[in-house]
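S.K.: The numbering used here numbers the first residue of the sequence shown as 320 and each following residue consecutively.
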Amino acid sequence: MKDITRGKFHPSIRDIKALHDAKEPHSKQVKMGGLSGWSGSMLTLLLIYMQTGGGSGNTAAPPDCSVIPNGASGVYTIQPAGFRYSFQAYCEMGANGVWTVIQKRTGGAVAFDREWAAYKNGFGFASWDHWLGLEKISVMTKSKRWKLRVDLWDFEGGSAYAEYDDFRVGDESTNYRLSVGRYRGTAGDAIQSYPGQNGYGFSTFDRDNDGCDPCIFFGDIAASSCTDFDRGGWWYSKCGSASLNGEWHPKGDNTGWLSGLHWLTWKRPVSYSARATRMMIAPM
320 MKDITRGKFH PSIRDIKALH DAKEPHSKQV KMGGLSGWSG SMLTLLLIYM QTGGGSGNTA
380 APPDCSVIPN GASGVYTIQP AGFRYSFQAY CEMGANGVWT VIQKRTGGAV AFDREWAAYK
440 NGFGFASWDH WLGLEKISVM TKSKRWKLRV DLWDFEGGSA YAEYDDFRVG DESTNYRLSV
500 GRYRGTAGDA IQSYPGQNGY GFSTFDRDND GCDPCIFFGD IAASSCTDFD RGGWWYSKCG
560 SASLNGEWHP KGDNTGWLSG LHWLTWKRPV SYSARATRMM IAPM
């Protein structure tokens with residue numbers, strides 16, 4: 320077993336410049352070099368303005384990607400019914416239908432080891448690695464019936480997927496409880512495999528809902544919280560077989576870690592951490 324206390328995979332200078340909100344886990348934001356004072360503050364405000372869809376509250380924005388006609392895949396402004404403002408989301412349009420992307424991982428530039436508030440509101444760029452936000456997902460899935468698709472890519476050129484009917488995320492009073500229905504796909508049913516995560520609330524390092532008291536890994540490693548090892552927010556259940564928001568690992572160093580982009584029903588060894596992941600939803 321490798322040393323689980325080893326430091327994070329840090330973003331490159333190019334990635335830091337491209338992703339203004341990439342930060343060290345549990346701590347400070349990465350500053351954009353050479354920007355300070357009034358100009359730096361104005362750029363920060365502009366980035367926030369862009370990320371929230373311009374702050375216009377434009378009620379004409381579509382409620383989700385599925386109602387955007389004849390479009391190409393890309394970033395669109397949407398506003399689910401009942402949500403207080405419009406925001407940007409990536410719409411994936413292809414042979415399998417039109418989907419609203421809620422999570423994407425392709426590298427280590429955006430840290431996913433973040434607090435409850437960050438997972439509630441969302442972080443990253445819709446066009447790149449990001450988490451859309453639990454509150455947005457909760458409001459979207461209150462209406463209609465939704466399905467969830469999880470896409471996984473490995474370092475060997477392979478891929479797999481898992482789809483779930485009746486995907487829903489509860490509101491904050493339920494700790495954004497996860498609910499999924501029937502599974503189909505090629506990656507295996509990690510969400511409902513023992514110990515199943517269906518029906519569990521979301522956990523972050525500052526809000527623990529995972530049921531560990533403690534949890535035991537590999538026979539002799541104990542943890543009082545799944546986020547101690549997984550280093551990312553998720554619907555943990557002692558801690559479960561799926562965790563796509565953990566620490567990203569590069570090729571050649573992507574096995575043997577308790578933290579990673581894990582889907583334990585997919586590949587061996589079970590500690591295999593994916594090269595890339597994507598979660599997206601669409602009406603049934």
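We treat Cβ as the ideally placed atom computed from N, Cα and C, and that holds for glycine.
Among Ser-457, Trp-582 and Phe-474, which one has its Cα closest to the Cα of Thr-604?
M.R.: With the chain represented from 320 up to 603, any question about residue 604 goes unanswered, as that position is not in the structure.
S.K.: Out of curiosity, what's the CA-to-CA distance linking Arg-468 and Tyr-495?
M.R.: Taking the first residue of the sequence shown as 1, we reach residue 468 at position 149. Taking the first residue of the sequence shown as 1, we reach residue 495 at position 176. If I take the Cα positions, the gap works out to 18 Å.
S.K.: If you reduce the DSSP assignment to three classes, tell me which class Glu-566 lands in.
M.R.: Walking along the sequence shown from the start, residue 566 turns up at place 247. Glu-566 falls in the coil class under three-state DSSP.
S.K.: Identify, in the order they occur along the chain, each residue of the same chain with its Cβ nearer than 6 Å to the Cβ of Asn-573, setting aside the five sequence neighbours on each side.
M.R.: Counting from 1 along the sequence shown, the entry for residue 573 is found at position 254. Counting only Cβ-Cβ distances below 6 Å, and skipping sequence neighbours, we find Ser-592.
S.K.: Could you pull out every residue in the same chain whose Cβ sits closer than 6 Å to the Cβ of Gly-551, ignoring the five residues on either side in sequence?
M.R.: The residue given as residue 551 occupies position 232 in the sequence shown. Result list for Gly-551: Phe-431, Asp-432, Asn-564 and Gly-565, in chain order.
S.K.: Quick one: what's Asp-470 bridged to in DSSP?
M.R.: On the sequence shown, position 151 is the one that residue 470 refers to. In the DSSP output, where bridge partners are listed per residue, Asp-470 has Tyr-480 and Arg-597.
S.K.: Cutting at 7 Å between CB atoms, please list the residues of its own chain near Asp-383, excluding the five before and the five after it.
M.R.: Looking up residue 383 in the sequence shown gives position 64. Cβ within range, chain order: Ile-397, Pro-399, Thr-419 and Met-459.
S.K.: Identify the continuous alpha helix (DSSP H) that holds Tyr-438 and give its terminal residues.
M.R.: For the purposes of this step, residue 438 is taken as residue 119 along the sequence shown, with counting starting at 1. Per DSSP, Tyr-438 belongs to the alpha helix (DSSP H) from 435 to 440.
S.K.: Going by DSSP in three states, Phe-444 sits in which element: helix, strand or coil?
M.R.: Numbered from its first residue, the sequence shown carries residue 444 at position 125. It is coil, neither helix nor strand.
S.K.: Out of curiosity, what's the CA-to-CA distance linking Lys-423 and Ala-595?
M.R.: The residue you call residue 423 lines up with position 104 of the sequence shown. The residue you call residue 595 lines up with position 276 of the sequence shown. Rounded to whole angstroms, Lys-423 to Ala-595 spans 8 Å at the Cα level.
S.K.: Of all the options Asp-532, Phe-524 and Tyr-480, which has the alpha carbon lying nearest to the alpha carbon of Ala-509?
M.R.: Translated into the one-based positions of the sequence shown, residue 509 becomes position 190. That would be Tyr-480, whose Cα lies nearest to the Cα of Ala-509.
S.K.: Are Ser-512 and Thr-584 close, meaning C-beta to C-beta below 8 Å?
M.R.: For the purposes of this step, residue 512 is taken as the residue at position 193 of the sequence shown. For the purposes of this step, residue 584 is taken as the residue at position 265 of the sequence shown. In this structure, Thr-584 lies closer than 8 Å to Ser-512 by Cβ.
S.K.: Where does Val-499 land, buried or exposed, given buried means 16+ other C-beta within 10 angstroms?
M.R.: Residue mapping note: residue 499 aligns to position 180 of the sequence shown, counting from 1. Its Cβ being crowded by 16 or more others within 10 Å, Val-499 is buried.
S.K.: Since Lys-455 and Phe-402 should fall inside the 8 Å C-beta cutoff, what is the C-beta to C-beta distance between them, to a whole number of angstroms?
M.R.: As a first step, residue 455 must be located in the sequence shown, where it is residue number 136. As a first step, residue 402 must be located in the sequence shown, where it is residue number 83. Their Cβ separation, rounded to whole angstroms, is 7 Å, which keeps Lys-455 and Phe-402 in contact under 8 Å.
S.K.: From the DSSP output, read off the bridge partner residues of Arg-424.
M.R.: Here residue 424 refers to the residue found at position 105 when the sequence shown is read from its first residue. Per DSSP, Thr-596.
S.K.: In chain order, what are the residue ranges of uninterrupted beta strand (DSSP E) at least 3 long that sit wholly in the region 387 to 415?
M.R.: Runs found: 393 to 397 and 406 to 413.
S.K.: Using 8 Å for Cβ pairs, my map puts Ile-600 next to Ile-421. What's the rounded Cβ distance?
M.R.: Position 281 of the sequence shown holds residue 600. Position 102 of the sequence shown holds residue 421. At roughly 6 Å, the Cβ-Cβ gap stays under 8 Å, so Ile-600 and Ile-421 are in contact.
S.K.: What is the rounded straight-line gap between the Cα of Lys-586 and the Cα of Ala-379?
M.R.: In the sequence shown, counting from the first residue as 1, residue 586 sits at position 267. In the sequence shown, counting from the first residue as 1, residue 379 sits at position 60. For Lys-586 and Ala-379, the distance between alpha carbons rounds to 44 Å.
S.K.: Would you report the Cα separation of Gly-390 and Gln-407, rounded to the nearest angstrom?
M.R.: Working through the sequence shown from its first residue, we reach residue 390 at position 71. Working through the sequence shown from its first residue, we reach residue 407 at position 88. Cα to Cα, Gly-390 sits roughly 15 Å from Gln-407.
S.K.: Is the distance from the Cβ of Gly-518 to the Cβ of Lys-557 below 8 Å?
M.R.: Here the question's residue 518 lines up with position 199 in the sequence shown. Here the question's residue 557 lines up with position 238 in the sequence shown. In this structure, Lys-557 does not lie closer than 8 Å to Gly-518 by Cβ.
S.K.: Can you grab the Cα-Cα spacing for the pair Asp-470 / Gly-575, in whole Å?
M.R.: Taking the sequence shown and counting its residues from 1, one reaches residue 470 at position 151. Taking the sequence shown and counting its residues from 1, one reaches residue 575 at position 256. Roughly 22 Å separates the two Cα atoms.
S.K.: How long is the line joining the alpha carbons of Ser-392 and Ser-385, rounded to whole angstroms?
M.R.: Looking up residue 392 in the sequence shown gives position 73. Looking up residue 385 in the sequence shown gives position 66. Near 12 Å, if we compare the C-alpha coordinates of Ser-385 and Ser-392.
S.K.: Hey, how far is the Cα of Ser-578 from the Cα of Asp-484?
M.R.: On the sequence shown, residue 578 is found 259 positions in, with the first residue counted as 1. On the sequence shown, residue 484 is found 165 positions in, with the first residue counted as 1. Going from the Cα of Ser-578 to the Cα of Asp-484 covers about 28 Å.
S.K.: For Arg-464 and Ser-590, what's the separation of their Cα atoms in angstroms?
M.R.: As a working note, residue 464 is residue 145 in the sequence shown. As a working note, residue 590 is residue 271 in the sequence shown. Cα to Cα, Arg-464 sits roughly 33 Å from Ser-590.
S.K.: Pick helix, strand or coil for Leu-453, following the three-state DSSP scheme.
M.R.: Residue mapping note: residue 453 aligns to position 134 of the sequence shown, counting from 1. In this structure, Leu-453 counts as helix in the three-state DSSP scheme.
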